[in-house]
Amino acid sequence: MSQYSISDLEKLSGIKAHTIRIWEQRYNLLTPVRSDGNIRSYDDDQVRRLLNVSTLIKLGIKISRISQLTDGEINELLEQSIQQAADEDAKVSVYIHTLIAAGIDYNEYEFDKAFKQAVKKYGLVICYQKVIYPMLVKIGLLWGKSEMLPAQEHFISNLLKQKLHHAIEQLPVPPATAETWLLFLPEEEDHELGLLLSAFLIRASNKRVVYLGQRVPYYNLQAVIDGVEPECLQYFIVRYHTAEWLQTLMNNMQKDFPGIKKYICGAAYLFEDVKLPKDHVWISGIDAFIQLLNK
1 MSQYSISDLE KLSGIKAHTI RIWEQRYNLL TPVRSDGNIR SYDDDQVRRL
51 LNVSTLIKLG IKISRISQLT DGEINELLEQ SIQQAADEDA KVSVYIHTLI
101 AAGIDYNEYE FDKAFKQAVK KYGLVICYQK VIYPMLVKIG LLWGKSEMLP
151 AQEHFISNLL KQKLHHAIEQ LPVPPATAET WLLFLPEEED HELGLLLSAF
201 LIRASNKRVV YLGQRVPYYN LQAVIDGVEP ECLQYFIVRY HTAEWLQTLM
251 NNMQKDFPGI KKYICGAAYL FEDVKLPKDH VWISGIDAFI QLLNK
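So that you can map any letter, position 119 of the sequence shown is 119 in full-length UniProt numbering, and since no number is skipped, the others follow by simple counting.
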């Protein structure tokens, strides 16, 4: 079972650590385990409870009422409140928290159920934009900084990879004349989820995708580019690298592959001390990327 700090709970639930402490004292909402140094830690059950509480708060239920309920009663109230909810942000929060809770429990049935409900409501592309991407950011999975157990991380990642592969297969094959994107991860990178999500969004925009996947040796790129002749190239930086390493990589890409638009994705802090070459664009998130694809 995972152990979470109070800051982890804040990231996952969106509830401030100070508020969580107050709720513990006033309502006995959670019962943390304390170390010899008096540091709080929480288990999966308490994370799941707080996610449900956070959702009910967004649905307009008072904490004073929620605190008097058992976990079973909270689940029943959650089901009733979801059906009556008019607030769109609250509904999105329900899907996100349900998916996270299912991932923590290794519950494929509940994960798939919530995913299909979100797809039915929003459609596939909007589901990934409004629900899946924010969920990945919330749990830190997109940029390789998850606080979950590695097994929980792999469980969620593999479920989403399966769904993304299936979604891509359902899309029509773009014509050979369509704009071509070459997607890859550098040799040091193996977190593939973001790249797969990009591949789906690009294909959904009726553009051609040549997908190389993870850990592609740099010296292999020239032969692929010569054969494919892509207009655009996209790659992700997930692991931490020095600014010098990243600057050298981007400069080499500009020098070795001129005339190709290059889109780089990664957490903002990685780019604080580097200068993007003129042929590079940093993609800040899914909304910016979808807007770019729709131009």
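Each residue gets a CB set at the ideal place from its N, CA and C atoms; glycine is no exception.
Beta carbon of residue i nearer than 8 Å to that of residue j
| i | j | result |
| --- | --- | --- |
| L50 | L30 | yes |
| Y218 | E179 | no |
| D190 | Q214 | yes |
| I225 | L182 | yes |
| L212 | F184 | yes |
| N52 | N75 | yes |
| V47 | I104 | yes |
| E198 | F289 | The residue you asked about is not Glu; residue 198 is Ser in the sequence shown. Cβ atoms of S198 and F289: closer than 8 Å. |
| K278 | C232 | no |
| I286 | Q129 | yes |
Three-state class that DSSP yields for residue i in the structure shown
| i | result |
| --- | --- |
| R239 | coil |
| Q234 | strand |
| S198 | helix |
| P41 | Looking at the sequence provided, one finds Ser at residue 41 rather than Pro. Of the three classes helix, strand and coil, the one that applies to S41 here is strand, per DSSP. |
| P277 | coil |
| V131 | helix |
| F184 | strand |
| G259 | coil |
| I225 | helix |
| Q214 | strand |
| V94 | helix |
| I15 | coil |
| I74 | helix |
| I61 | coil |
Identity of the residue in the options nearest residue i by Cα
| i | options | result |
| --- | --- | --- |
| I202 | K16, Q234 and G227 | Q234 |
| V33 | D43, L59 and D8 | D43 |
| M148 | H241, K295 and Q3 | Q3 |
| I100 | H154, S67, L59 and Q214 | H154 |
| S41 | S5, Q152, D71 and I63 | S5 |
| H166 | F200, K91 and P134 | F200 |
| Y263 | W282, M253, P277 and K278 | W282 |
| S93 | P134, A102, S64 and V228 | P134 |
| L56 | D89, V210 and K261 | D89 |
| F294 | S205, V216, K261 and R26 | Checking the sequence, you will find Asn at residue 294 rather than Phe. Answer by Cα proximity: S205. |
Assigned exposure category for residue i - 16 Cβ within 10 Å defines buried
| i | result |
| --- | --- |
| T98 | buried |
| Y95 | buried |
| E192 | buried |
| S35 | exposed |
| Q170 | exposed |
| P230 | buried |
| Y109 | exposed |
| G259 | exposed |
| R208 | buried |
| residue 381 | There is simply no residue 381 to check, as the chain begins at 1 and stops at 295 in what is shown. |
Residue i beta carbon near the ligand GDP (any heavy atom closer than 7 Å)
| i | result |
| --- | --- |
| K121 | This structure lacks the ligand GDP; in fact it carries no ligand of any kind. |
Minimum Cβ-Cβ distance from residue i to chain B less than 8 Å
| i | result |
| --- | --- |
| N294 | Any reference to chain B falls outside this structure, which holds one protein chain only. |
Q: Examine the Cβ distances between the segment 105–124 and the segment 71–80 and report whether three or more of them are shorter than 8 Å.
A: no
Q: Please confirm if the segment 127–143 is in contact with the segment 9–18, defined as three or more CB-CB distances below 8 Å between the two stretches.
A: yes
Q. Does the pairing of the segment 270–283 with the segment 228–245 give three or more beta-carbon distances under 8 Å?
A. yes
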